[in-house]
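Trainee: Each position in the sequence shown, counted from 1, maps to that position plus 4 in our numbering.
C-beta atoms are modelled at their ideal positions from N, C-alpha and C, and glycine is treated no differently.
Please read through the structure below; I'll follow up with questions.
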Amino acid sequence: IWLIEPQKKTLLSESSDNPNLAGFYQLVRSGFRPFLLPAIVAGSLFGLYDWGLSKPSIAEHIGLNATSYSIMISVVAVVAFFSAGLFPRLRRKLSDISLLTAAAILIAGGFIFGGLNVRLLGFVTLFIVDIGFTVFSPITSILVNKHVTSAYRATSISTLQFLYKIPFLILNILAGYAIAFGSINQFHLALGVISCFGLFVFALRKQAFSPSTSS
5 IWLIEPQKKT
15 LLSESSDNPN
25 LAGFYQLVRS
35 GFRPFLLPAI
45 VAGSLFGLYD
55 WGLSKPSIAE
65 HIGLNATSYS
75 IMISVVAVVA
85 FFSAGLFPRL
95 RRKLSDISLL
105 TAAAILIAGG
115 FIFGGLNVRL
125 LGFVTLFIVD
135 IGFTVFSPIT
145 SILVNKHVTS
155 AYRATSISTL
165 QFLYKIPFLI
175 LNILAGYAIA
185 FGSINQFHLA
195 LGVISCFGLF
205 VFALRKQAFS
215 PSTSS
């Protein structure tokens with residue numbers, strides 16, 4: 005007697021054996037879709053800042069050596085840690101899309117400050133980018149859990165991380181060329197201005213900055 009196991013529907017079989025396609029499908033077809041643009045912008049920019057070439061370049065731009073840079077990063081981490089306590093209060097006062105967009109603008113604004121020839125603003129950059137990410141990270145996780153069904157959440161979060169890395173890799177290569185040509189400050193400034201402009205247009209179209217307790 006031959007027993008044949010019935011076929012089971014899986015994430016892979018539903019998406020041409022590619023889990024990223026399954027996750028992407030859920031992100032664009034679920035209630036998370038309105039949040040996708042600011043999430044990708046913020047995730048990519050923070051990747052360039054924290055994992056790429058931007059943070060050490062900004063530190064060098066404001067005159068930090070290895071010792072002072074290490075101390076500064078420790079101070080920034082402590083400030084960002086305590087700023088996380090403001091997140092529940094912010095979420096009660098702002099809608100999810102306004103909170104996510106504001107975090108993305110804060111991160112993008114850090115690149116503008118980091119590109120200007122004002123040393124104090126370079127120090128400000130080190131703080132506001134990390135504080136922006138302190139808001140961005142939990143609100144993104146909350147939104148995925150809220151709008152994507154439980155069977156697809158892990159795959160969707162993994163896909164979102166993958167979507168961050170595509171522009172991050174391109175931007176990091178461009179940052180390398182900018183450093184080689186001595187124009188990394190101009191690169192940061194242009195990147196920040198373009199990102200902030202796009203996010204403001206997005207916010208106006210979505211009416212993202214309307215105070216609300218609901219999303």
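1. Leaving out five residues before and five after residue 153 in sequence, what residues of the same chain have Cβ atoms less than 8 Å from its Cβ?
2. Please report the Cβ distance between residue 145 and residue 27, rounded to the nearest whole angstrom; I am assuming they are in contact, meaning their Cβ atoms lie under 8 Å.
3. Does the Cβ of residue 54 have 16 or more other Cβ atoms within 10 Å, making it buried, or fewer, making it exposed?
4. Around the C-beta of residue 164, are 16 or more other C-beta atoms found within 10 angstroms, so that it is buried, or is it exposed?
5. Going straight from the alpha carbon of residue 184 to that of residue 157, what length do you get?
6. Given a cut-off of 8 Å, decide if residue 188 and residue 182 are closer than it, judged by their beta-carbon atoms.
7. Please name the residue, chosen from 49, 65 and 140, that lies closest to residue 186 on a Cα-to-Cα basis.
8. Specify whether the stretch 39-53 and the stretch 126-138 touch according to this definition: at least 3 beta carbon pairs, one from each stretch, less than 8 Å apart.
9. Kindly indicate which residue of 123, 122, 132 and 160 has the alpha-carbon position closest to the one of residue 113.
10. If you count every other CB in all the chains shown that lies within 10 Å of the CB of residue 119, and 16 or more means buried, which is it?
11. When burial is assigned at 16 or more other CB atoms within 10 Å of the CB, is residue 172 buried or exposed?
12. If contacts are defined as beta-carbon pairs under 8 Å, then residue 130 and residue 76 qualify, I think. What distance do you get, rounded to the angstrom?
13. Measure the C-alpha to C-alpha separation of residue 208 and residue 43 and round it to an integer number of angstroms.
14. Taking the alpha helix (DSSP H) that residue 119 belongs to, which residues open and close that run?
15. Between the alpha carbons of residue 210 and residue 105, how many angstroms are there, rounded?
16. Report the three-state DSSP secondary structure of residue 179 (helix, strand or coil).
17. What's the gap between the Cα of residue 198 and the Cα of residue 169?
18. Helix, strand or coil for residue 212 per DSSP?
Mentor: According to the data block:
1. 30 and 34
2. 14 Å between Cβ atoms; not a contact.
3. exposed
4. buried
5. 41 Å
6. yes
7. 65
8. yes
9. 132
10. buried
11. buried
12. 6 Å
13. 16 Å
14. 100-119
15. 10 Å
16. helix
17. 19 Å
18. coil
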